[in-house]
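A.B. asks:
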Amino acid sequence: MRVNEASPDTFEGSLNDDQLISRLWMAKRLNDTGIPVKKCVVLGSWYGLVPYILRKINRIPTIVAIDNDQKYLDKSMKLNPHIEHICSNVDDIEYSDYQCIVNPSINNITGDKWYKNIPEGKLCLFQTEDIEVEKHCPSNLQGLKTKFPLSKYLYEGTLSCKDKDGPYTRSMIIGYK
41 MRVNEASPDT FEGSLNDDQL ISRLWMAKRL NDTGIPVKKC VVLGSWYGLV PYILRKINRI
101 PTIVAIDNDQ KYLDKSMKLN PHIEHICSNV DDIEYSDYQC IVNPSINNIT GDKWYKNIPE
161 GKLCLFQTED IEVEKHCPSN LQGLKTKFPL SKYLYEGTLS CKDKDGPYTR SMIIGYK
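Right under this line is the structure:
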């Protein structure tokens with residue numbers, strides 16, 4: 041499914057200002073928790089910008105990038121040669137080996153089986169936007185908290201963004217499932 045937003049489905053699109061700002065916001069807020077993350081998995085990693093930023097800014101030593109499209113992972117492998125890449129449906133991943141589960145692609149992943157597969161007590165960072173792509177996707181902070189509840193919130197907030205199509209809002213939660 042093609043993403044219905046201003047950032048085109050290209051490597052250059054993944055580097056648009058709105059994408060960069062939201063990913064830097066993600067890294068900053070994760071740092072603000074003070075939790076030293078040693079091993080994380082990034083769901084819907086696309087062209088690898090999120091793993092790259094988490095490795096460089098958050099100094100996370102072990103990151104696994106997961107996407108269901110090999111063409112994205114091929115590009116990510118060039119940007120992130122020192123991380124593991126897995127081409128898979130996120131519903132089929134075993135999350136118990138990861139300290140932190142990062143999903144910046146809530147609005148592009150159908151269903152919640154991936155979420156149900158995350159063991160309790162895992163650190164989670166989820167981000168969505170009010171540009172609905174998949175049916176039943178949470179498009180705001182309250183919807184995100186309702187559909188993917190955490191037992192303890194370390195951060196919850198929104199970021200006002202603007203691209204060539206106009207203003208929109210990204211919502212993010214960080215905490216323990």
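If you read the sequence shown in our numbering, its first letter stands for residue 41, the second for the next number, and so on.
Where a beta carbon is used, it is the ideal one built from N, C-alpha and C, also for glycine.
Nothing here was measured: the structure is a model prediction, and the numbers come from that model.
1) Check the DSSP bridge columns for Glu124 and list the partner residues they point to.
2) What is the C-beta distance between Ser145 and Gly84, in whole angstroms, given that I count them as a contact (C-beta under 8 Å)?
3) Take every Cβ of the stretch 63–74, pair it with every Cβ of the stretch 123–134, and state whether three or more of those distances are shorter than 8 Å.
4) Provide the residue span of the alpha helix (DSSP H) that contains Lys202, from first to last.
5) Given a threshold of 16 other Cβ atoms within 10 Å of its Cβ, counted over all protein chains shown, does Asp30 qualify as buried or as exposed?
6) So the candidates are His122, Gly88, Trp86 and Gln110; which of them puts its Cα closest to the Cα of Pro101?
7) Would a C-beta distance cut-off of 8 Å place Arg63 and Val90 closer than the cut-off?
8) Nearest-angstrom Cα distance between Thr209 and Lys118?
9) Which runs of the alpha helix (DSSP H), 4 residues or longer, sit entirely within the stretch 134–194?
10) Do Ile106 and Val130 come within 8 Å of each other at the CB atom, strictly closer than that value?
11) Nearest to Leu190 by alpha carbon, out of Asn147, Leu199, Cys140 and Lys202?
12) Using 8 Å as the limit for Cβ to Cβ distance, is Leu184 near chain B?
13) Confirm, please, whether the CB-CB distance from Gly215 to Cys223 is below 8 Å.
14) Out of Leu94, Ser128, Lys187 and Val104, which has the shortest C-alpha to C-alpha gap to Gln110?
15) Quick check: Leu181 and Ser211, are their CB atoms within less than 8 Å of each other?
16) Under the rule that 16 or more other beta-carbon atoms within 10 Å means buried, what is Tyr155, buried or exposed?
C.D. replies: Quick answer:
1) To locate residue 124, count along the sequence shown from 1; it is residue 84. Glu124 is bridged to Val104.
2) Residue mapping note: residue 145 aligns to position 105 of the sequence shown, counting from 1. Residue mapping note: residue 84 aligns to position 44 of the sequence shown, counting from 1. The Cβ separation is near 3 Å, so the contact holds.
3) no
4) Taking the sequence shown and counting its residues from 1, the one referred to as residue 202 is at position 162. Per DSSP, Lys202 belongs to no alpha helix (DSSP H); it is in the beta strand (DSSP E), Lys192 to Asp203.
5) A query on residue 30 cannot be resolved here, the shown segment of the chain reaching from 41 to 217 and no further.
6) The residue given as residue 101 occupies position 61 in the sequence shown. Nearest option by C-alpha distance: His122.
7) For the purposes of this step, residue 63 is taken as the residue at position 23 of the sequence shown. For the purposes of this step, residue 90 is taken as the residue at position 50 of the sequence shown. Contact flag set, yes.
8) Here residue 209 is taken as the residue at index 169 of the sequence shown, counted from 1. Here residue 118 is taken as the residue at index 78 of the sequence shown, counted from 1. Distance between the alpha carbons of Thr209 and Lys118: 30 Å.
9) 153–156 and 181–187
10) Indexing the sequence shown from 1 puts residue 130 at position 90. Indexing the sequence shown from 1 puts residue 106 at position 66. The answer is yes: Cβ separation under 8 Å.
11) Numbered from 1 along the sequence shown, position 150 holds the residue referred to as residue 190. Among Asn147, Leu199, Cys140 and Lys202, the Cα nearest to that of Leu190 is on Cys140.
12) The structure shown contains no chain B; it holds only a single protein chain.
13) The question about residue 223 has no answer, for the chain in this structure spans 41 to 217.
14) Counting from one through the sequence shown, the residue named residue 110 turns up at place 70. The candidate whose alpha carbon is nearest that of Gln110 is Ser128.
15) Start at 1 with the first residue of the sequence shown, and residue 181 comes out as number 141. Start at 1 with the first residue of the sequence shown, and residue 211 comes out as number 171. Their beta carbons are under 8 Å apart, which means Leu181 touches Ser211 by this criterion.
16) Within the sequence shown, residue 155 is the residue found at index 115, counting from 1. Tyr155 should be labelled buried.
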